[in-house]
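To start, the structure under review is shown below, and the notes come after it.
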Amino acid sequence: SVFLVGSIEMGKAIDWQQELNPITIFNPRRDDWDKSWEQGITNPPFREQVTWELDRLDEADVIALFFRPGILSLISLLELGIHLRSSKLVVCCSKG
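Below, the structure written as structure tokens:
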């Protein structure tokens, strides 16, 4: 959930909350993904997915990046490196 904090003073502040709608969420998880696919640039579905993700990362205003311990996240590490100096990156990790 998102709580919208900011200027509300009626009659003076614009309705900036309404300007946020609709919010677009780019979710790279695909129900049709086949885990047996080779994760390499020569595999068209993999290449298409990575290209889509990189394009949406450039388009996004905020990037929320989550790392879970014990999970290999090679593409996420690449994406972290690409956007590390960006002011739009928020990185979250589990404790432990």
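Numbering (my numbering), first residue to last: 226 to 321.
Beta carbons are placed, not taken as given, at the ideal position from N, Cα and C, and that holds for glycine.
As the structure is a prediction and not an experimental result, all values here were calculated from the model.
With a Cβ-Cβ cutoff of 8 Å, do residue i and residue j count as a contact?
{"i": "residue 271", "j": "residue 263", "result": "yes"}
{"i": "residue 316", "j": "residue 290", "result": "yes"}
{"i": "residue 275", "j": "residue 248", "result": "no"}
Return the Cβ separation of residue i and residue j in integer angstroms, given the expectation that the two are a contact with Cβ distance under 8 Å.
{"i": "residue 278", "j": "residue 253", "result": "5 Å"}
{"i": "residue 314", "j": "residue 308", "result": "5 Å"}
On the DSSP bridge assignment, give the partners of residue i in chain order.
{"i": "residue 290", "result": "316"}
Tell me which residues share the same chain as residue i and place their Cβ nearer than 6 Å to its Cβ, disregarding the 5 neighbours each side in the sequence.
{"i": "residue 238", "result": "232"}
Please work out which residues of its chain come closer than 7 Å, Cβ to Cβ, to residue i, disregarding the five sequence neighbours upstream and downstream, and give them in chain order.
{"i": "residue 318", "result": "292"}
Spatial neighbours of residue i within its chain, please: C-beta separation below 8 Å, excluding the five flanking residues on both sides.
{"i": "residue 281", "result": "251, 253"}
{"i": "residue 227", "result": "248"}
Inset, instruction - Ignoring anything shorter than 4 residues or poking outside the region 237-280, list the alpha helix (DSSP H) runs there in chain order. - result: 241-244
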